[in-house]
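Input: a single structure, listed below in structure tokens.
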Amino acid sequence: MNVDFGNALASEAVTGVSEGSLERLDDRVRRAHDRIESGIGDREFGYASLALPEDTDPGAIRSALEGFDPEAVLTVGIGGSALGAETITAALGRSEHYSLDNVDPERTRELLEKLPLESTLLNVVSRSGTTAETLANFLVVRKAMAEAGVEWTDRTVVTTGDSGPLRALADEHDLPVCPVPDGVPGRFSALSAVGLVPAAALGCDIEALLAGGAVGQAALAPSLFECPAYAYGAVAYALETRGATTNAFVPYAEALEPLAEWFAQLWAESLGKDGLGQTPVRALGATDQHSQLQLYRAGRKDKLVTLLRPREREDEPIPETDIESLSYLGGSTLGGLLDAEFEATEASLAAAGQANVRLEVDRLDAESVGRLLYELEAACVLVGELAGVEAFTQPAVEWGKRAARGLLGGGDFEEATAVEEKTVRRVE
Ligand SMILES: O=P(O)(O)OC[C@H]1O[C@H](O)[C@H](O)[C@@H](O)[C@@H]1O
Numbered sequence: 035m036n037v038d039f040g041n042a043l044a045s046e047a048v049t050g051v052s053e054g055s056l057e058r059l060d061d062r063v064r065r066a067h068d069r070i071e072s073g074i075g076d077r078e079f080g081y082a083s084l085a086l087p088e089d090t091d092p093g094a095i096r097s098a099l100e101g102f103d104p105e106a107v108l109t110v111g112i113g114g115s116a117l118g119a120e121t122i123t124a125a126l127g128r129s130e131h132y133s134l135d136n137v138d139p140e141r142t143r144e145l146l147e148k149l150p151l152e153s154t155l156l157n158v159v160s161r162s163g164t165t166a167e168t169l170a171n172f173l174v175v176r177k178a179m180a181e182a183g184v185e186w187t188d189r190t191v192v193t194t195g196d197s198g199p200l201r202a203l204a205d206e207h208d209l210p211v212c213p214v215p216d217g218v219p220g221r222f223s224a225l226s227a228v229g230l231v232p233a234a235a236l237g238c239d240i241e242a243l244l245a246g247g248a249v250g251q252a253a254l255a256p257s258l259f260e261c262p263a264y265a266y267g268a269v270a271y272a273l274e275t276r277g278a279t280t281n282a283f284v285p286y287a288e289a290l291e292p293l294a295e296w297f298a299q300l301w302a303e304s305l306g307k308d309g310l311g312q313t314p315v316r317a318l319g320a321t322d323q324h325s326q327l328q329l330y331r332a333g334r335k336d337k338l339v340t341l342l343r344p345r346e347r348e349d350e351p352i353p354e355t356d357i358e359s360l361s362y363l364g365g366s367t368l369g370g371l372l373d374a375e376f377e378a379t380e381a382s383l384a385a386a387g388q389a390n391v392r393l394e395v396d397r398l399d400a401e402s403v404g405r406l407l408y409e410l411e412a413a414c415v416l417v418g419e420l421a422g423v424e425a426f427t428q429p430a431v432e433w434g435k436r437a438a439r440g441l442l443g444g445g446d447f448e449e450a451t452a453v454e455e456k457t458v459r460r461v462e
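Right, here's the structure in full:
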């Protein structure tokens, strides 16, 4: 990942940071880097995520998938157990990957009617093996397969921990199981079996994805001025402390739209603690230039806008036209137009004093995507260190999970009583 934070400097942006402040911050970046490196070395909880490029065994993933040559992959998982896999296959153009990461009955039914179940690989992913949405969807899909005369046990692969209901079920039916890596929270697990199984099943080069992650790891360095991941993290942190409490993440590539969702979980769940954390907003260039850009340019100066694009892409020429007012488009390309819009938006934000950072990758291939995921994770871990928040836990999410389970009669959870105690003040 290449980072250009010129438009986030104090000389350009209302919430910008001066070079001098960044130089002072760099001392703290160096200390944070030491902490991160020792955490990686000792495979400490959370920090172990940044060791995945070396620790993930692509051979084990491939052997769990032996004998499968699916037309489509259906991932049943949620949050960190779905978004990494969706991000990777979308970025690499594998549209045959579908996922059920919600319990909307209409969507579930519609998808099950559309999929060729006899040639679909069912990929069930849950670190805990207890997440209600995932297990409920799994039971529904399993029944649909049985009703369609498909032996679900022949078409299912599971990624889960060493214990829990999903592991027990996988053992009972002798299903192929990929382990979730130790000490790696779901949102940091894209470069493990959690994120790589669908990609591998659909013929992506998972070794190259991991090699890209390893390049990101090798690029970690004790100065933000020498390390793109830390440059992005340090600038995002510095801007947050100067009032940029929203991070609008805007990829200029449809294939990276799921990445914006993945980034939102990474940033929100890791950094939203102790009254701190930038609120991630998902957007897409150029589409959202025609909707959200008004706010980003002229609304409150409480944002960092992160613009992301691949430098190279397969292009499509725009045909010549004899309509005089459109002649400027003819002879150009859709990619050329998208790039022009990217640069125009960047300049328009800067002209309004709105902080923005440019992230670029060479192209959307397996190596670049692996590196991008790794470096955004490293950026997030760095922000956690600088802000002094515990980036690897999600107590607020767990609270809601317990409340929902309590309501469904899945145990005695005191959080469920909060639902009954809700203050009501209706207007009908
Ligand atoms: O993998 P699972 O245990 O099913 O968890 C799936 C998701 O559940 C929770 O909501 C957590 O906050 C997420 O971080 C996690 O990714």
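For the sequence shown, my numbering begins at 35 and goes up steadily by one.
We put the CB at the ideal spot given by N, CA and C, even for glycine.
Keep in mind the model is a prediction, meaning the values are calculated, not measured.
- Here the alpha carbons of residue 296 and residue 121 stand approximately 7 Å from one another.
- In this chain, the beta strand (DSSP E) harbouring residue 158 covers 154 to 160.
- Under the three-state reduction of DSSP, residue 207 is assigned to coil, being neither helix nor strand.
- Judged by DSSP in its simplified three-state form, residue 397 adopts coil rather than helix or strand.
- Proximity of the beta carbon of residue 431 to ligand 1 is indicated: a heavy atom of the ligand is located closer than 7 Å.
- Taking 7 Å as the cut-off, the C-beta of residue 251 does not count as close to any heavy atom of ligand 1.
- Not one heavy atom of ligand 1 lies closer than 7 Å to the C-beta of residue 411.
- Judged by DSSP in its simplified three-state form, residue 216 adopts coil rather than helix or strand.
- Linking residue 365 to residue 48 through their CA atoms gives a straight-line distance of about 39 Å.
- For residue 457, the number of other beta carbons within 10 angstroms of its own is below 16, and it is reported as exposed.
- Between ligand 1 and the CB of residue 323, the shortest heavy atom gap is not smaller than 7 Å.
- Residue 352 places its beta carbon less than 8 Å from that of residue 368.
- The criterion of a C-beta distance shorter than 8 Å is not satisfied by residue 298 and residue 347.
- For residue 38, the uninterrupted beta strand (DSSP E) segment begins and ends at 36 to 38.
- The closest heavy atom of ligand 1 lies less than 7 Å from the beta carbon of residue 113.
- Classified as exposed, residue 362 has fewer than 16 neighbouring CB atoms from the shown chains inside 10 Å of its CB.
- In the three-state scheme derived from DSSP, where H, G and I count as helix and E and B as strand, residue 315 is classed as strand.
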